[in-house]
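The sequence shown begins at 118 in our numbering and counts up by one. Just so it is clear, CB atoms sit at the ideal spot from N, CA and C, and this is done for glycine as well.
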Amino acid sequence: MKPETKYKGAIKLAAIGDALGWITEFERNSDTLKSKYGTVYVSKFYDWEKKVGGKFNGYIDKLKKGSYSDDTQLMLSVARSIMGNGAIDREYFSKVELPSWILYARGAGRTIKNAARKIERKSAKWNNNFFTYKAGTITIDYRESGANGAAMRILPIALANFGDIDKIKKEIFANSIVTHGHPRAIIGAMLYGYAVHTILKFLPEYFSYKTYLTELGKNIHQKLSIPFIKEHDFDSWENEWNSKAQISFTDQYQVVLDETQQYLRNIYKCLNHNIDDETALRILGCYNLDTKGSGTSTVIAGIFLCCKYHNEPIRGIEQAVNLIGTDTDSIAAFVGGLIGSLHGTSIIPDRYKLIQDSDYLDKVAVRLLKISENRVVKEKVQNYLGLKSINTITDDNFDLNESIYFEPLGRGKIIHIDRQNTLTKGKYNLLIDVEFDLGQSCRFAKLMNKERKTLPSSTCSDFQDKKHQIKVFSSETQNCINLFMRELNQEQQKHFNDILTLIQLEYDD
């Protein structure tokens with residue numbers, strides 16, 4: 118099998134898993150699936166919608182079939198940050214890609230969004246983004262951030278550096294600590310990178326889950342060791358981590374490694390005894406509210422489903438999607454990345470070829486392969502002078518089909534604009550869909566203030582002069598209004614015309 122098909126399969130099936138799993142991520146049970154989609158088992162893309170932004174200032178995000186979430190968005194951000202030598206441009210990712218991503222993020226969790234905002238501080242760097250944030254009445258520290266927001270984006274690092282596991286580990290560690298500080302997040306990301314690197318070596322017909330899991334679990338403390346922690350950039354990060362922690366980072370890291378090794382042993386037993394999927398994922402903590410998004414648990418869940426369904430690869434992804442109550446989009450994305458690294462693109466059915474930005478996903482995969490083979494060509498720097506920037510939206514002055522510029526995605530064209538009123542008086546959400554020349558599409562959302570409008574003092578004759586501007590009423594209704602106005606005195610005409618103006622303003626909004 119050609120490497121290109123494996124690379125394309127890994128990237129594309131990770132995105133497919135994400136897009137499918139996002140549909141089911143917040144469903145409570147199969148009954149809600151049935152009421153929304155007419156099925157209790159999701160095995161195709163749907164048009165769907167979700168509420169975003171809270172009760173008073175929120176909007177309805179209408180999603181087309183195959184739309185992916187933050188998992189894939191950040192995976193693509195990491196891919197763009199990889200230089201020709203396979204290393205991450207850490208400054209570029211942390212100070213350009215990550216803070217810019219928050220402007221078009223879809224489906225993102227609290228930790229990753231807070232990390233993206235906090236990295237904008239002048240004092241914050243890729244290895245010094247320590248922060249706290251509120252979750253209800255609880256204050257959460259960066260050091261406690263052990264979710265899978267790091268693991269979900271590191272697939273490109275493993276692909277770009279195939280054959281150099283030490284570099285993969287170091288680059289994944291460096292990228293992970295930009296947003297997450299707990300070893301569960303970091304080890305989960307490193308384990309996923311190692312799992313991808315290992316499965317790329319297999320041909321589907323010769324794959325054995327026993328061989329694969331033995332390779333992953335054997336000497337795991339050595340395989341996922343971090344000798345580079347004593348290098349200056351990492352040493353300063355560790356010192357800051359330890360300064361406000363009750364247990365040292367290296368001690369906590371060893372505890373999580375022990376935990377991870379036990380999880381791998383557990384899924385080995387589950388596979389040997391043909392334990393059902395739900396029970397296996399409960400053993401991993403994937404249904405527990407406190408651990409369901411854990412970096413280690415969700416990655417190992419992905420490994421389990423990949424191993425169990427390696428001969429039915431698409432079913433493996435769909436099983437992850439339909440394990441309602443788990444972090445379905447991330448687990449399905451992990452399964453997809455692993456299954457794609459094993460089988461390539463040939464297994465992708467037609468119903469999933471509608472995945473958002475399909476051609477761009479292939480383009481990214483090819484570039485990662487070229488980097489791994491030391492044959493990447495440096496791309497020309499484009500000139501975008503004169504284009505309106507969408508990085509900072511202050512005014513509602515964008516037009517359909519208008520060309521815009523966005524750092525870091527470059528030039529794009531506005532393909533759709535939507536304005537949705539909020540429950541908060543005087544505000545509305547501006548939604549702008551953009552297709553970028555490089556191949557990615559994004560939706561930008563901005564809460565805007567409505568302009569204050571004063572009611573003009575007008576007479577019947579004013580109304581007659583301006584009636585051609587008011588398009589709320591049909592011509593028949595307009596004629597009735599004119600006849601009615603003639604029966605009113607001047608004061609009455611003024612008041613009635615004010616009412617008509619209010620209707621017009623509401624229509625315009």
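Item: Given a cut-off of 8 Å on the beta-carbon distance, is the pair arginine 234 and serine 186 in contact?; Value: no
Item: Pull up the distance between the alpha-carbon of glycine 497 and that of tryptophan 139, whole angstroms please.; Value: As written in the sequence, residue 497 is lysine, which differs from the glycine given in the question. Whole-angstrom Cα-Cα distance: 35 Å.
Item: So if DSSP puts lysine 544 in a beta bridge, which residue, or which two residues, is it bridged to?; Value: Asn566
Item: Do isoleucine 133 and isoleucine 472 count as a contact pair if the criterion is CB distance below 8 Å?; Value: yes
Item: So which of Leu600, Leu540, Ile337 and Leu502 has the shortest CA-CA distance to asparagine 566?; Value: Leu540
Item: Can you tell me whether glutamine 610 is buried or exposed, with buried defined as 16 or more other CB within 10 angstroms of its CB?; Value: buried
Item: Work out the CA separation of aspartate 178 and lysine 340 for me, nearest whole Å.; Value: 43 Å
Item: Distance, Cα to Cα, alanine 306 vs lysine 168?; Value: 30 Å
Item: Using 8 Å for Cβ pairs, my map puts isoleucine 635 next to aspartate 516. What's the rounded Cβ distance?; Value: The requested residue 635 does not occur in the structure, where the chain is confined to residues 118 to 626.
Item: Which residues in the same chain as cysteine 577 place their Cβ atom closer than 6 Å to its Cβ, once the five residues preceding and following it in sequence are excluded?; Value: Low per-residue confidence applies at cysteine 577: pLDDT is 47, beneath 50, and the placement is therefore not dependable, though the value from the model is reported in the following sentence. Around cysteine 577: Met602 and Gln610.
Item: Arginine 270 and leucine 191: beta carbons closer than 8 Å?; Value: yes
Item: With distances taken between CB atoms, is the gap from glycine 461 to alanine 131 smaller than 8 Å?; Value: no
Item: Less than 8 Å between the CB atoms is what I'm expecting for asparagine 439 and tyrosine 158, so what's the real figure, rounded?; Value: 5 Å
Item: State the Cα-Cα distance for the pair leucine 459 and tryptophan 354, rounded to the nearest angstrom.; Value: 36 Å
Item: Starting from the Cα of alanine 450, find the closest Cα among Ser262, His427 and Ile420 and give me that residue.; Value: Ile420
Item: Using only the alpha-carbon positions, how far apart do tryptophan 243 and isoleucine 343 sit?; Value: 18 Å
Item: Under the DSSP definition of a beta bridge, which residues are partnered with alanine 252?; Value: Ile255
Item: Would you decide whether glutamine 369 is buried or exposed? Buried here means 16 or more other CB atoms lie within 10 Å of its CB.; Value: buried
Item: By Cβ distance below 8 Å, which residues in the same chain neighbour arginine 528 in space, the five residues on each side in sequence not counted?; Value: Gln499, Tyr501, Leu504, Ser520, Ile521, Tyr522, Phe553 and Asp554
Item: Just the Cα atoms here: how many angstroms apart are lysine 584 and isoleucine 620?; Value: A caution first: lysine 584 carries a pLDDT of 46, below 50, which makes its placement in the model too unreliable to give a value.
Item: Does DSSP put lysine 167 in a helix, a strand or coil?; Value: strand
Item: Taking the alpha carbon of leucine 102 as the point to measure from, which residue in Phe319, Lys335 and Lys327 has its own alpha carbon closest?; Value: Not covered by the structure: residue 102. The range shown for the chain is 118 to 626.
Item: Quick check on the burial criterion: 16 or more other C-beta atoms within 10 angstroms. Buried or exposed for arginine 301?; Value: buried
Item: What alpha helix (DSSP H) runs, 4 residues minimum, are completely inside the segment 369-433?; Value: 394-400 and 412-425
Item: Please work out which residues of its chain come closer than 8 Å, Cβ to Cβ, to leucine 410, disregarding the five sequence neighbours upstream and downstream, and give them in chain order.; Value: Reading the sequence as shown, one finds glycine at residue 410 and not leucine. Excluding sequence neighbours, glycine 410 sits near Gly226, Ala264, Asn265, Asp444 and Ser447.
Item: Could you pull the start and end residues of the beta strand (DSSP E) that histidine 533 belongs to?; Value: 527-538
Item: Would you mind giving the Cβ-Cβ distance between aspartate 188 and serine 198, rounded to the nearest angstrom? I have them listed as a contact below 8 Å.; Value: So it is not a contact: roughly 16 Å between Cβ atoms.
Item: Which residue comes first and which comes last in the beta strand (DSSP E) that contains isoleucine 177?; Value: 176-180
Item: Assuming the contact rule is C-beta atoms closer than 8 Å, asparagine 245 and glutamate 144 should be a hit. Round their C-beta distance to whole Å, please.; Value: Incorrect: roughly 39 Å between the Cβ atoms, too far for contact.
Item: Could you give the first and the last residue of the continuous beta strand (DSSP E) run that contains phenylalanine 523?; Value: 520-523
Item: Just to confirm before moving on: does the CB-CB distance between alanine 312 and leucine 455 stay below 8 Å?; Value: yes
Item: Hey, how far is the Cα of asparagine 231 from the Cα of leucine 333?; Value: 32 Å
Item: Could you tell me which residues DSSP puts in a beta bridge with serine 506?; Value: Tyr522
Item: Tell me, please, whether the segment 383-393 touches the segment 346-353 by the rule of three or more beta-carbon pairs shorter than 8 Å.; Value: no
Item: Could you pull the start and end residues of the alpha helix (DSSP H) that glutamine 557 belongs to?; Value: Per DSSP, glutamine 557 belongs to no alpha helix (DSSP H) and is neither H nor E.
Item: Would valine 493 and glycine 310 qualify as a contact pair, given that the criterion is a beta-carbon distance under 8 Å?; Value: no
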